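Using numbering that gives the first Met the number 0, you'd call the opening residue of the sequence shown number 0 and step up by one each time.
Here's the structure, in C-alpha cells; my notes come after.
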Amino acid sequence: MPPRRKILVVLKGYPRLSETFIAQELLGLEKAGFDLTLISMRRPTDKKRHPVHDEIKARVVYLPEYLHEEPIRVVKGLIAGFSRPGFKALLKRFLADLTRDLSRNRFRRLGQALVLGREWPDHGEWLHAHFIHTPASVTEYASMLTGIPWSCSAHAKDIWTSPDWELTEKLKSARWTVTCTRTGYEHMRTLTSRKDAVHLSYHGLDLARFGHFAGERSQRTGDDPDDPALILSVGRAVEKKGYDVLLRALALLPADLHWRMDHVGGGEALAKLKTLASELGLSGRIAWKGAMAQEDVLDHYRRADLFALACRIAANGDRDGLPNVLVEASSQRLVCVSTDVSGVPELLRDGENGLVVPPEDPALLAKALTAAIRDPALRKRLGDAAERRVREEFDHHSSIRQLSGLFEAEWQKAS
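Set out below in C-alpha cells:
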C-alpha cells in the first residue's frame, strides 16, 4: 500500500459542540492511520468541549476569521499568490463567482484561501472540506492556487442554502463528494454529469460511546402530577429545528396529561422560544439547559421517557440532514417523535421504530406525543426497534471504512 498523504481538513469552526459527528469522523480517520491537520475558518465560541475533541491529535491552524483583523497575514498571502501558477485561474474563477455573489463573504473566502496557500501547514498533500458552502469555497480556491486536489463532505444546510450554480461548479472540480442523506445525495447528482463522484455515506454513531442502555425505562403514563412524563429535545434553537411547532404541540396536549420537558442546546432563537413558551403557559414545565457535553447529554437520553424534534424546512431552504441526536437517542432505546423531513425517514419508520408526522403540524405532533406518553409498552416496543436499527445499520465504522476507501483509491492512482 502506498504511504498515506497529509490531509488538510478545512472546517468552518473547531471545536464545536453542535458538530460532534465531524469530530467523531476526524477521530475515526486518525485511528485508521490518516495524518490530519485541521484548518479552521473561525475560532471556537463554545465554552465546553466533548471528550472526543481531546482525543483528536491533529494540530489546529486558525485562518483569519475576518481579513481586517490580521491584515499582515492577508497581504503576505496575496503577494505570495501572485507568483503561483494557479493564480490567474483562481482570479478568473473568483471574478466569475463575484458577479453571481457580490458579497464581503466572497472576498473573505478568497483572502482565507490566499493565507492558506502561503502558509500551507505541515506540507499538506490533499485538501478535504467539511461543508460544501463556505469551507468548500476556501478549499476549492486553495486547490486552484496550489494544484493540490480536494474532496468534500457535504451535509445539510450547506447543500440546501447554496445556489445550484455553485454546487455544480464545486462538484465539477472536487475529486469526489460524500453526503449523509439520500435526499442530499440525489439532489447533488442532478447537478453534475460526474454522478459516480457523489457518494452516500451516513455518519453513523460511535457505539462505543453510546453503549447499550440496560436500565429499566419508566412506566409513566402522564397520569400522576407528582411524577410527570419526561420529554427530551436536543438541538440548537434555530428555525429548521421547529421548536416553535413543538411548543405549540405541547400546548395542545390534554389538560389531564402531566409532563415536563428538558431542552438541551444553545441557538440564537432561544430567547424568542422562552417568550413563546411563556405566552403558551408552558414555562413552568420546560427546563432550558443550554449546551452540554456529550456525556451529560447521554445521561439525559437515559432518564427521559421520549425524545421530540419537530424538524422542518426553513424559509431559506435550510433543513436538517439526518439529525445525529435522533441516532443517539435511538441508540439508548429512547422512542423518538419527529417529522418526515429530509433524512429523518431514513432512520425512523412511523409505527415501526418511532413516531413520524408531517412537519408544520402541531396537532398531529401533539397526537403522537400523547400516544407515546400514555403508552409505556408502545415506547418500549418502538425504542427497542430503534436501537436495533441503529446498531445494525448506523455504526460509524462503516462510514470510516467508506471514506478510507475513497482516500486510498486516490493514493493508489497517484502511485
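Even glycine gets a Cβ: it sits at the ideal position worked out from N, Cα and C.
In this text, all values refer to a predicted model and were calculated from it rather than measured experimentally.
Starting from residue i, follow the alpha helix (DSSP H) in both directions and report where the run begins and ends.
i	result
residue 366	361-373
residue 164	163-172
residue 244	242-250
residue 95	86-99
Just confirm the distance between the C-beta atoms of residue i and residue j, as a whole number of angstroms; I'd bet it's less than 8 Å.
i	j	result
residue 265	residue 289	6 Å
residue 25	residue 8	7 Å
residue 258	residue 221	6 Å
residue 314	residue 267	Incorrect: roughly 15 Å between the Cβ atoms, too far for contact.
residue 402	residue 28	7 Å
residue 361	residue 248	4 Å
residue 354	residue 370	7 Å
Please classify residue i: does DSSP put it in a helix, a strand, or coil?
i	result
residue 49	coil
residue 138	helix
residue 410	helix
residue 16	helix
residue 398	helix
residue 338	strand
residue 259	strand
residue 229	strand
residue 78	helix
residue 5	strand
residue 155	coil
residue 132	coil
residue 102	coil
residue 381	helix
residue 110	helix
residue 116	helix
residue 353	strand
Between which two residues does the beta strand (DSSP E) holding residue i run?
i	result
residue 122	Counting along the chain, residue 122 falls outside any beta strand (DSSP E), and DSSP gives it neither H nor E.
residue 61	58-61
residue 36	34-39
residue 178	176-178
residue 343	Premise fails: residue 343 is in no beta strand (DSSP E) and is neither H nor E.
Assign residue i to one of two classes, buried (16 or more other C-beta atoms within 10 Å of its C-beta) or exposed (fewer than that).
i	result
residue 189	exposed
residue 156	buried
residue 139	buried
residue 415	With the chain running from 0 to 414 in the structure shown, residue 415 is simply not present.
residue 65	exposed
residue 424	What is shown of the chain runs 0 to 414, which leaves residue 424 out entirely.
residue 419	In the structure displayed, the chain extends from 0 to 414; residue 419 sits before or after that span and is not available.
residue 18	buried
residue 293	buried
residue 417	For residue 417 there is no data in the structure shown, the boundaries of the chain being 0 and 414.
residue 387	exposed
Comparing the CB of residue i with every heavy atom of the ligand MG, is any distance shorter than 7 Å?
i	result
residue 184	For the ligand MG, the structure offers nothing, since it holds no ligand at all.
Give, in chain order, every unbroken run of the beta strand (DSSP E) that is at least 3 residues long and sits entirely within the region 264-336.
285-287, 305-307
So within the region 184-241, which uninterrupted beta strand (DSSP E) runs reach at least 3 residues, ignoring any that extend past its ends?
197-199, 228-233
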